[in-house]
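Working notes for the structure below.
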Amino acid sequence: MTFALPTAFSIRDVVIRPPLVLAPMAGVTDSAFRGLIKRLGGVGLIVTEFISVEGLTRGNLKTHKMMKFTPDERPLSIQFFGVDPKRMADAAEVAQEAGADLVDVNCGCPAKKVVGRGAGSSLLRDLPHLAVILREMRRRISIPLTIKIRTGWDDNSIVAVDVGKLAEDCGVEAIAIHGRTRVQGYSGQANWDIIAQVKQAVSIPVIGCGDVRQPADAIRRFRETGVDGVMIGRGAMANPWIFRQTAEAMQGVRPYRPTLYAKRDVLLEYFDLMLGECPTETAAMGKVKQLCAQFTKGLPGGAIFRTQVFHSQARLELTDRITDYFTRMGEREAAGELLPEPEEALAEEVLPDDACHRAQACA
Ligand SMILES: Cc1cc2nc3c(=O)[nH]c(=O)nc-3n(C[C@H](O)[C@H](O)[C@H](O)COP(=O)(O)O)c2cc1C
1 MTFALPTAFS IRDVVIRPPL VLAPMAGVTD SAFRGLIKRL GGVGLIVTEF
51 ISVEGLTRGN LKTHKMMKFT PDERPLSIQF FGVDPKRMAD AAEVAQEAGA
101 DLVDVNCGCP AKKVVGRGAG SSLLRDLPHL AVILREMRRR ISIPLTIKIR
151 TGWDDNSIVA VDVGKLAEDC GVEAIAIHGR TRVQGYSGQA NWDIIAQVKQ
201 AVSIPVIGCG DVRQPADAIR RFRETGVDGV MIGRGAMANP WIFRQTAEAM
251 QGVRPYRPTL YAKRDVLLEY FDLMLGECPT ETAAMGKVKQ LCAQFTKGLP
301 GGAIFRTQVF HSQARLELTD RITDYFTRMG EREAAGELLP EPEEALAEEV
351 LPDDACHRAQ ACA
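Position 110 (the sequence shown) corresponds to 110 in the UniProt record's numbering; numbering is contiguous.
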């Protein structure tokens with residue numbers, strides 16, 4: 001069966017148009033990155049990186065700062081992780097008061113320090129407790145509540161359909177599924193068959209997630225599974241124009257192709273934003289280095305550039321290296337000397353545990 005391509009979907013009164021969602025990514029989807037993605041276009045909903053309810057409800061200033069957003073990021077979902085129902089509900093109330101459009105519960109994080117405390121994907125192993133959390137949060141807020149899950153803990157405990165039904169029963173109004181188990185981490189391929197099964201089993205909107213690297217991937221997933229929305233994570237780090245390109249491809253328009261000059265300008269803009277956001281210049285440089293690595297996969301001289309960038313010690317040195325490399329490559333591109341980027345250029349894994357460390361460096 002082939003499904004029609006949607007143009008939008010709604011979570012109660014929150015309209016998500018186009019039906020493309022920026023995935024929550026710890027250490028990546030801070031306010032500056034989200035603003036950048038929004039400005040480049042094509043994204044219907046953005047989600048914050050996960051925020052600890054323990055930090056938030058114990059008055060941790062860094063955690064409070066992670067909740068900051070600007071009106072142009074909306075519609076915006078604030079994602080929380082935790083295990084204590086009361087603290088989860090307290091945090092949800094804070095998010096609602098701060099003007100969030102949606103509150104999302106993380107039931108997918110595989111990081112040891114999160115699952116060790118019973119949060120993240122650990123919640124998939126204790127569905128009665130998950131139900132208590134969801135009911136308490138639902139009771140305390142009036143805006144829509146959503147969850148993001150993995151398919152299960154491991155291949156022997158795939159619970160996505162059960163969790164979908166349970167969530168719907170608890171008043172949850174949309175579910176996002178990353179098609180991997182906790183044990184799988186980021187290995188192998190996301191299983192979209194399970195995502196399709198959840199879509200068949202529930203009546204709330206279902207957002208599929210996993211391994212969407214090109215507009216064609218998103219279109220294929222919509223057509224094959226009938227999901228309401230597609231969520232993109234690592235693909236947006238490598239190519240922040242992926243939402244615009246996908247939205248255009250879904251409308252039958254030839255997708256925009258950014259030049260290397262455009263990539264340079266976005267990196268420099270992001271650096272400026274990070275210098276304003278991060279507590280130290282070193283933290284801002286760390287974020288930009290991470291994006292530089294993603295932007296240069298498959299480009300000639302990319303490996304040398306990444307090493308130079310990695311060893312850059314000062315702000316000006318980093319700015320000069322970015323300007324110099326992308327200007328040189330941009331000239332070669334304009335002269336028709338560069339081949340189109342190979343697809344595998346977008347396929348490098350970013351491990352979430354690393355991201356947790358980075359998130360703390362600039363929380
Ligand atoms: C660096 C990084 C950080 C992540 N942080 C979160 C997070 O805070 N909350 C969450 O629900 N998922 C998190 N994820 C998972 C992504 O939201 C997404 O489900 C996963 O990367 C699969 O989608 P993709 O193949 O499009 O990247 C993270 C993933 C990465 C790569």
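Glycine included, each C-beta is placed from N, C-alpha and C at the ideal position.
#### Entry: Beta-carbon proximity list for residue 342, same chain, < 6 angstroms, skipping 5 on both sides
A caution first: residue 342 carries a pLDDT of 47, below 50, which makes its placement in the model unreliable, though a value can still be read off. Closer than 6 angstroms at Cβ, skipping near neighbours: 298.
### Option in 118, 96, 98 with minimal Cα separation from residue 106
118
### Message
Only counting the same chain, and skipping five residues up and downstream in sequence, which positions put a Cβ closer than 7 angstroms to that of residue 74?
### Response
101
### Query
From residue 214 to residue 72, what does the alpha carbon distance come to, in whole angstroms?
26 angstroms
### Query
Going by beta carbon distance, what residues of the same chain come within less than 8 angstroms of residue 318, once the five residues before and after it are set aside?
271, 285, 288, 289, 309, 312
### Query
Any idea which residues DSSP pairs residue 106 with across the strands?
148
### Query
DSSP on residue 209, reduced to helix/strand/coil?
strand
#### Entry: Cα-Cα separation, residue 78 to residue 229
18 angstroms
### Identity of the residue in 259, 61, 96, 291 nearest residue 143 by Cα
96
### Task
From the DSSP output, in three-state form, read off residue 288 for me.
helix
#### Entry: Proximity test, residue 25 beta-carbon vs ligand 1 heavy atom, cut-off 7 angstroms
yes
### Message
Between which residues of its own chain and residue 360 is the CB-CB distance below 7 angstroms, once the five residues before and five after are set aside?
### Response
With a pLDDT of only 39 at residue 360, under 50, the local geometry of the prediction cannot be trusted, and no value is derived from it.
### Query
Quick one: what's residue 181 bridged to in DSSP?
152
### Query
Where do the N-terminal and C-terminal ends of the beta strand (DSSP E) with residue 79 fall, by residue?
76 to 81
### Message
If I follow the unbroken alpha helix (DSSP H) through residue 43, where does it start and stop?
### Response
From DSSP, residue 43 is part of no alpha helix (DSSP H); its letter is neither H nor E.
### Sub-8 angstroms separation of residue 22 and residue 47 beta-carbons
yes
### Query
What does DSSP give as the partner residues of residue 229 in its beta bridges?
207
### Task
Please report how far the alpha carbon of residue 303 lies from the alpha carbon of residue 325, in whole angstroms.
12 angstroms
### Query
For residue 16, does the three-state DSSP call read helix, strand or coil?
strand
### Message
Shorter than 7 angstroms, the distance from the beta carbon of residue 28 to the closest heavy atom of ligand 1, or not?
### Response
yes
### Query
Among 68, 83, 141, which residue has its Cα nearest to the Cα of residue 173?
141
### Message
As a quick exercise: from 166, 151, 30, pick the residue whose alpha carbon is nearest that of residue 192.
### Response
151
### Message
Given a cut-off of 8 angstroms on the beta-carbon distance, is the pair residue 87 and residue 53 in contact?
### Response
yes
### Query
If you run the structure through DSSP and keep just helix, strand and coil, what is residue 299?
coil
### Query
Does the Cβ of residue 128 have 16 or more other Cβ atoms within 10 Å, making it buried, or fewer, making it exposed?
exposed
### Task
In angstroms with no decimal places, state the Cα-to-Cα distance between residue 164 and residue 202.
6 angstroms
### Query
According to the neighbour-count rule (16 or more other Cβ atoms, all chains shown, within 10 Å of its Cβ), is residue 49 buried or exposed?
buried
### Query
Is residue 176 helix, strand or coil when you go by DSSP?
strand
### Query
In terms of residues, what are the limits of the beta strand (DSSP E) holding residue 326?
Residue 326 -> not in any beta strand (DSSP E); alpha helix (DSSP H) instead, spanning 315 to 334.
### Task
Can you tell me which of the three DSSP states residue 339 falls into?
coil
### Message
Does the beta-carbon of residue 251, which I'm using as the reference point, lie nearer than 7 angstroms to any heavy atom of ligand 1?
### Response
no
### Query
Does residue 138 have its Cβ less than 8 angstroms from a Cβ in chain B?
Chain labels in this structure do not include chain B; a single protein chain is all it has.
### Task
Return the Cβ separation of residue 233 and residue 209 in integer angstroms, given the expectation that the two are a contact with Cβ distance under 8 angstroms.
7 angstroms
### Query
According to DSSP, is residue 50 helix, strand or coil?
coil
### Message
Here's the rule: buried if 16 or more other CB atoms are within 10 angstroms of the residue's CB, otherwise exposed. What is residue 263?
### Response
buried
### Query
If you count every other CB in all the chains shown that lies within 10 Å of the CB of residue 225, and 16 or more means buried, which is it?
buried
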